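A.B. asks: Shown below is the structure under consideration.
Residue numbers (the UniProt record's numbering): 1 to 419.
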């Protein structure tokens, strides 16, 4: 659906947005900037932010979900500046690498470091230029060359050493395993601007928690927290039924998991077919107080494989002098919390530490994606064709990539394209 009809934009349209996470609130901001006056955001939880979830313990803030932005994440950084939300350069210099038993891994040799840099600047950069359409929001017309699983792609294009480095930001941050994730997602995520941001240390965290950004944005909008939607009907207008009654809208923007819309929305056959193809990972955050543990952030590369599901892949040490750590575990839903916690206690013990208490154990329905076969069948081209059908637009994580900068970017893009 074109954003204009008869060269006019009706700013009095009633627009509903599902989800008060980064995508939904960015869409609301973009609509408000354009002059739309009737924007309603429905959020089923009692807070804004989605996967941007921050908690306070002993007057210190800790991140349970997303927490990092890079210089090229212009949309959320612009909002942070607009609303005077403080952010600062991240400090990753103290990161360490250990094996699955908690023993230090020797640092890379100079020869290997030079090889990685050569692959980065003289091979990977050329690959990004070849597929530069991925630098734009969304996915479209994907070449079969970049729907291959990334481990196959990296071997084919002789960047395997570089791919091992990328695994820190892929498996370590919960984005699948290299033998599974299609290359298009990797090229989207590890783009050149992001690489430059890391090289220049233009990476930012929020001292008061990134959730505070979205809480502040939400205050500027009509956000219905704890909204339990029982039905959405789409005809000449959009009707949304909640426990508070029925409301009518002219357009709908969905930023929540698309597969969950089947629970309350009258999906077309094409929508049903596509949404069923979307897969997720169970990425878990365990926030603990740990005694006698190394006061550094760390990675466990030997756990970056399916065979080691349920074991920690990464931990984040946020505040010096505070024995509180966020551990991250990549797993499937068949592994119990008890087993994950036992694995973590064993790992910490092997490193000479002891878990005193577990403050939070969070399951994230993480990294919506489709596999190689579905990409080759034109999943994204079909999904893009749905935009505007039945007055409905889609702007969640699956449309771009599952991190704050990309979801915000795509939400703003959809508003600019269609409203």
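From the three backbone atoms N, C-alpha and C, an ideal C-beta is built for every residue, glycine too. All values derive from a computational prediction rather than experimental measurement.
Between residue 331 and residue 309, is the Cβ-Cβ spacing less than 8 Å?
C.D. replies: In contact: residue 331 and residue 309 (Cβ atoms closer than 8 Å).
A.B. asks: Measuring CB to CB, does residue 404 end up less than 8 Å from residue 31?
C.D. replies: Cβ atoms of residue 404 and residue 31: not closer than 8 Å.
A.B. asks: Could you tell me the boundaries of the alpha helix (DSSP H) in which residue 212 lies?
C.D. replies: Note, residue 212: alpha helix (DSSP H), 211-218.
A.B. asks: Whole angstroms is fine: what's the gap from residue 99's alpha carbon to residue 165's?
C.D. replies: Near 15 Å, if we compare the C-alpha coordinates of residue 165 and residue 99.
A.B. asks: Report the residue from 71, 287, 209 whose alpha carbon sits nearest the alpha carbon of residue 316.
C.D. replies: Answer by Cα proximity: 287.
A.B. asks: Under the three-state reduction of DSSP, which class applies to residue 413: helix, strand or coil?
C.D. replies: Residue state, collapsed to three classes: helix.
A.B. asks: Looking only at its own chain, which residues have a Cβ that is under 8 Å from the Cβ of residue 215, when we skip the five neighbours before and after it?
C.D. replies: Around residue 215: 47, 48, 49.
A.B. asks: Just to confirm, are residue 206 and residue 87 a CB contact at a threshold of 8 Å?
C.D. replies: A contact, by the Cβ cut-off of 8 Å.
A.B. asks: Among 400, 364, 389, 235, which has the Cα closest to the Cα of residue 418?
C.D. replies: Selected option, being the one with the closest Cα: 389.
A.B. asks: Note down, one range per segment and in chain order, each beta strand (DSSP E) of at least 3 residues found wholly within the stretch 143-220.
C.D. replies: Counting only runs of 3 or more, we get 203-205.
A.B. asks: Give me whichever residues DSSP pairs with residue 354 in a beta bridge.
C.D. replies: The partner list for residue 354 (beta bridge, DSSP) reads 291.
A.B. asks: So, under 8 Å CB-CB, residue 157 and residue 130 are touching, yes? Tell me the CB distance rounded to an integer number of Å.
C.D. replies: Contact flag wrong, Cβ pair sits at about 10 Å.
A.B. asks: In terms of alpha-carbon separation, which member of 210, 153, 126 lies closest to residue 90?
C.D. replies: Closest option to residue 90, Cα to Cα, is 210.
A.B. asks: Tell me which same chain residues have a C-beta within less than 8 Å of the C-beta of residue 198, skipping the five on either side of it?
C.D. replies: If we look at residue 198 and ignore the five residues flanking it on each side, its Cβ neighbours are 70.
A.B. asks: Let me know the secondary structure DSSP gives residue 301 once reduced to three states.
C.D. replies: Looking at residue 301 - three-state DSSP - the assignment turns out to be helix.
A.B. asks: Using a 10 Å radius around the Cβ and a threshold of 16 neighbouring Cβ atoms, would you call residue 183 buried or exposed?
C.D. replies: So residue 183 ends up on the buried side.
A.B. asks: Apart from the five residues just before and just after residue 351, which ones in its own chain have a Cβ nearer than 6 Å to its Cβ?
C.D. replies: Closer than 6 Å at Cβ, skipping near neighbours: 102.
A.B. asks: Rounded to whole angstroms, what is the Cα-Cα separation between residue 380 and residue 36?
C.D. replies: Answer to the nearest angstrom: the Cα atoms are 29 Å apart.
A.B. asks: For residue 2, which residues in the same chain have their Cβ closer than 7 Å to its Cβ, ignoring the five residues on either side in sequence?
C.D. replies: A caution first: residue 2 carries a pLDDT of 48, below 50, which makes its placement in the model too unreliable to give a value.
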